Structure formats: C-alpha cells, structure tokens
Amino acid sequence: MAEKIQAVKGMNDILPPESARWEWFEDVVRKLMRRYAYLNVRVPIVEPTPLFVRGLGEVTDIVEKEMYSFTDSLNGDALTLRPEGTAGVVRAAIEHSLLYDGGKRLFYIGPMFRHERPQRGRYRQFHQVGVEALGLAGPDVDAEVMLMCRALWRDLGLTDVRLEINSLGQPAERQAHRSALVTYLEQHSEQLDADAQRRLHSNPLRILDTKNPAMQALVEGAPVLMDYLGEASLAHFDAVRAVLDAAGQPYRINPRLVRGMAYYNLTVIEWVTDRLGAQGTVCGGGRYDGLIELIGGKPAPAVGWGMGIERVLDLLQQSGIEVPVVAPDVYAVVPSAAALPAAMALAEDLRAAGVAVLLHAAGKDGPGSMKAQFKKADASGARHALVFGADELAQGLVAVKPLRDPASVQTTRPLSAAAAWAHELLNA
Ligand code: ATP
Ligand code: MG
C-alpha cells in the first residue's frame with residue numbers, strides 16, 4: 000500500500016455524525032440572521048497579504064506570527080489565507096461600492112487560518128460566523144450586534160456565556176493613555192516579561208491583555224483607558240449601555256478588554272465562558288470606524304464580531320445540549336436484486352414528496368440477508384422500514400413496518416400513489 004497522507008496539523012476533518020452538529024448550528028445561525036435582516040456575504044479565502052498587514056496592523060499577533068502567507072508561484076503575488084473575516088468583507092464592500100446607498104448589515108460563515116499552537120479551542124484552520132454592520136455609526140448598532148449574540152445563545156440553549164464590554168475611545172484618546180501607560184510600564188520595567196518588553200513601544204495596550212500570572216499585579220495598577228476618554232466617547236459608551244440595560248442584558252465592564260486587532264475603536268466586546276478552560280472567549284468584536292478608510296474606502300463607521308464555531312460547539316457539548324439527530328425517515332429493505340428497480344422508483348417518488356429515504360445498497364453479490372438489512376435499518380435511526388417483498392410487489396404494494404413504535408402495526412401501501420401516503424412516513 001502507498002504511504003498514507005495525513006491532514007495538516009491543527010486542521011480538522013469534520014465528519015458524520017459530528018458534521019450534523021455543524022449543520023444544525025449553521026441552520027440556527029441563518030435563521031437568526033434572517034430575523035435581524037443581516038445578509039450573507041461570501042468572500043475569497045485567499046486575499047492579498049497587504050489587506051491584513053494594513054487592516055489588522057503590523058504589530059498584532061496575527062500579522063506578526065500567525066498568518067499563512069505565501070507567494071503565488073505563477074505571478075509572484077503576495078497572498079494570505081484569511082486569518083479573520085472582517086478585512087475581506089470590508090475590502091469587498093469597498094470594491095463593489097456596497098455603501099453607496101447607506102448602511103449594510105452583513106454576515107459570513109467560513110474557515111479562517113492562523114498558525115498557532117494547536118490545542119483545545121485553538122486550531123490552525125478554524126471556523127467563524129461573523130457579522131459586520133457597515134456604514135452605521137450609532138451606539139444602537141453596537142448594542143444590536145451584542146443582542147444578536149444573546150438571541151443566538153438562547154436559540155442554541157446556552158446559558159453559560161457572559162458579556163464583557165469596554166470602550167477604547169478614539170485614536171487621540173488612546174494616544175494620551177498610551178503615553179501614560181508607557182511611562183508607567185517603564186517605571187516598572189523589571190516586572191515586564193520578554194513579550195511585554197518587546198511590545199512596550201510597539202503595542203503597549205496589548206500588554207494589558209497578558210495571560211502571564213506574574214504580570215497581573217502590574218497590569219491591575221496600570222492607567223485605565225476609560226479615564227482618558229472624552230465626552231463624546233463616554234456618551235457613546237453610555238448609550239450602548241442604556242440599550243443593554245433596557246433590554247435586560249447584563250454585562251461586565253472590563254477595563255482590560257483591548258482585543259487583538261489594531262482596527263478597533265470605541266466599543267469592544269467579548270462573550271466569555273468558564274466551561275472551556277483557557278480558550279474561554281467564544282466571540283469577540285467591536286466598533287472599527289477607521290478600517291474602511293484604512294483600506295482605501297471613503298471613511299465610514301462599522302461594528303461587528305467574530306465567533307469561533309469550534310468553541311461554541313464544544314460549549315454545547317460541555318453544557319449537555321443535545322443536537323437534533325439527523326436520521327432518514329425510512330430505510331428501504333430490498334430482499335432480492337429483482338426488487339431493486341421497483342424499490343428505487345418508489346424511493347424517488349417518496350423523496351420527491353419530501354421523505355428522507357435510505358435505500359439498502361446491493362453489493363456485487365446481491366442485497367444480503369433480511370436480518371442484516373434490518374440491523375442496518377435499526378442502526379440508521381429510521382422510523383419505518385419499507386419492505387419490498389416479492390408477494391407485495393406482485394400486487395403492486397410495499398410493506399411499511401414501524402421500527403420505533405412497538406404499538407403500531409405493519410401495513411401495506413400502493414406503489415403507484417406514493418404522494419398520497421408519503422406524509423405518513425414523516426415525523427409527526
Ligand atoms: P484568542 O485570544 O483566544 O486567541 P482572538 O482574540 O485571537 O482569540 P479573534 O481574532 O477575536 O480571537 O476571533 C474571534 C473568535 O474566533 C475568538 O473569540 C475565538 O472564539 C475564535 N478563534 C480565534 N482564534 C481561534 C483559533 N485558532 N481556533 C479556534 N477558534 C479561534
Ligand atoms: Mg488569537
């Protein structure tokens with residue numbers, strides 16, 4: 000045998016039955032998006048590298064060390080597998096003038112790529128659902144995207160997710176805070192770890208996000224950005240809070256919530272849980288009013304979030320939430336090869352009427368014993384077996400045998416009028 004080829008480390012196959020959980024989640028998401036009138040966008044997985052370097056910021060974790068970047072060997076273009084969804088959606092919105100007639104509410108679902116150390120909740124190919132409300136400046140929209148998440152948790156049956164918010168203010172306010180922060184950190188430089196030393200002048204705000212326990216005390220005592228916000232920024236934050244309060248959505252103001260990408264301003268948000276160990280952030284986002292201009296568009300405000308699907312599915316599992324099982328409605332038992340044409344013809348009629356039919360596949364030696372077929376019918380989860388016995392077929396009939404309900408009895412139905420009785424096979 001030839002040598003086996005394995006998947007790339009940190010990139011997962013999603014196979015049945017696990018894939019049914021994904022489809023269910025995506026269905027719930029799509030219904031949610033419809034209720035909030037967010038429209039689907041699908042942008043390429045590969046983008047020009049400068050989109051992310053410029054959009055996310057050169058001194059972010061993603062751009063510094065997590066991007067899958069490569070040179071197109073045919074034309075020398077610098078390309079990158081998208082590490083996040085926002086930059087690509089914004090690029091597309093600019094390229095296709097989506098904002099010419101006002102704001103747009105959009106969502107995406109798809110794979111993202113980051114070269115990180117694979118561990119629970121952290122993969123090299125992972126999936127996000129994200130929303131982007133483009134061209135909309137009001138604090139109501141910040142609150143709207145947060146409340147969408149609350150609705151999603153409710154639709155999924157999740158209760159263990161908490162909202163944390165903060166305001167990063169505007170660039171000038173951040174600059175003033177940054178100077179104070181750098182001064183403070185320089186005064187305590189002996190307590191900085193190597194990462195923090197490196198970031199001290201490139202991205203000091205990120206130091207506040209450190210996971211190093213040895214630096215917690217230092218971080219606790221650091222100047223707080225909120226104290227540097229001007230009136231307009233504070234008013235925006237208060238307006239967001241007023242909506243959350245009115246809607247009865249609890250939140251914690253986390254002054255150390257800064258987020259990884261450089262593009263955020265004003266409101267930043269995270270939804271966190273204690274049930275996933277170190278990777279407890281299931282969703283993160285915020286306002287990014289500068290990004291559209293930064294990547295070449297006419298200045299326009301925007302707000303959105305990205306959610307890690309693997310983490311949400313893990314959380315569903317941790318929370319003991321059962322996802323509806325996908326099983327066929329019927330399993331077609333075919334006693335002999337001679338019955339196959341009639342069985343397949345009926346299966347087509349039933350499928351046309353909306354019934355999910357799993358037809359026993361005959362091997363090259365015929366369909367196999369009835370016992371083996373019924374075993375498979377049971378394992379399939381189908382509620383009914385259709386049995387294409389020779390006697391019934393000769394009378395133009397098929398036997399319908401209930402597999403799950405011991406109280407109901409076997410009946411026969413005409414082959415010719417499937418549409419008239421197909422509904423009996425569907426879930427009540
Ligand atoms: P973290 O701090 O966990 O690295 P992040 O700030 O890099 O997260 P974002 O860029 O904000 O994450 O992405 C939004 C969401 O996508 C995260 O909250 C998380 O749920 C998910 N996510 C991010 N990176 C990964 C990954 N490598 N594998 C799985 N999910 C991820
Ligand atoms: Mg990260």
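Just so you know, numbering that gives the first Met the number 0 puts 231 at position 232 of the sequence shown, and the rest follows in order with no gaps. Glycine residues also receive a C-beta, built at the ideal position from the N, C-alpha and C atoms. In this text the structure is predicted, and so the values were computed from the model without any measurement.
Taking the alpha-carbon of K64 as reference, which of A246, F112, P298 has the nearest alpha-carbon?
The residue with the shortest Cα to Cα distance from K64 is F112.
May I ask which residues mark the beginning and end of the beta strand (DSSP E) holding Q248?
Per DSSP, Q248 belongs to no beta strand (DSSP E) and is neither H nor E.
Please indicate yes or no: does the CB of G259 lie closer than 7 Å to some heavy atom of the ligand MG?
Checking the Cβ of G259 against the ligand MG gives yes.
Secondary structure at V181, three-state DSSP: helix, strand or coil?
In this structure, V181 counts as helix in the three-state DSSP scheme.
In three-state terms, what does DSSP make of L38?
Strand, per DSSP.
What residue range does the beta strand (DSSP E) around E143 cover?
Segment 138-155 is the alpha helix (DSSP H) holding E143; no beta strand (DSSP E) there.
Taking all protein chains shown into account, do 16 or more other C-beta atoms lie within 10 angstroms of the C-beta of E46, making it buried, or fewer, making it exposed?
E46 comes out buried.
Residues in its own chain within less than 7 Å of A175 by CB, not counting five upstream and five downstream?
Closer than 7 Å at Cβ, skipping near neighbours: Y227.
What span of residues does the alpha helix (DSSP H) with L73 cover, start to end?
Element bounds for L73: n/a, residue is neither H nor E.
Let's see if you can read the secondary structure: which residues bound the alpha helix (DSSP H) around K370?
Start and end: 369-379.
Could you tell me the distance, in whole angstroms, from the CA atom of G353 to the CA atom of A421?
If I take the Cα positions, the gap works out to 8 Å.
Comparing C-alpha positions only, which one of M32, M214, V325 sits nearest to N426?
Of the candidates M32, M214, V325, the one whose C-alpha sits nearest the C-alpha of N426 is V325.
With a threshold of 16 other CB atoms inside 10 Å of the CB of N74, please say whether the residue is buried or exposed.
Exposed, because fewer than 16 other Cβ atoms sit within 10 Å of the Cβ of N74.
Terminal residues of the continuous alpha helix (DSSP H) containing R53?
Note, R53: alpha helix (DSSP H), 48-55.
Shortest alpha-carbon distance to A336 belongs to which of H359, P366, S318?
The shortest Cα separation from A336 among H359, P366, S318 belongs to P366.
Give the single residue among Q5, G54, L50, E25 whose Cα lies nearest to the Cα of Y262.
Of Q5, G54, L50, E25, the residue nearest in Cα terms is G54.
Assign S232 to one of two classes, buried (16 or more other C-beta atoms within 10 Å of its C-beta) or exposed (fewer than that).
Looking at its Cβ environment, which holds 16 or more other Cβ atoms inside 10 Å, S232 is buried.
Within the present structure, is the beta-carbon of D194 separated from the nearest heavy atom of the ligand MG by less than 7 Å?
No - the ligand MG has no heavy atom lying nearer than 7 Å to the Cβ of D194.
Looking at the unbroken beta strand (DSSP E) that takes in M306, where does it start and where does it end?
Here the beta strand (DSSP E) through M306 covers 301-307.
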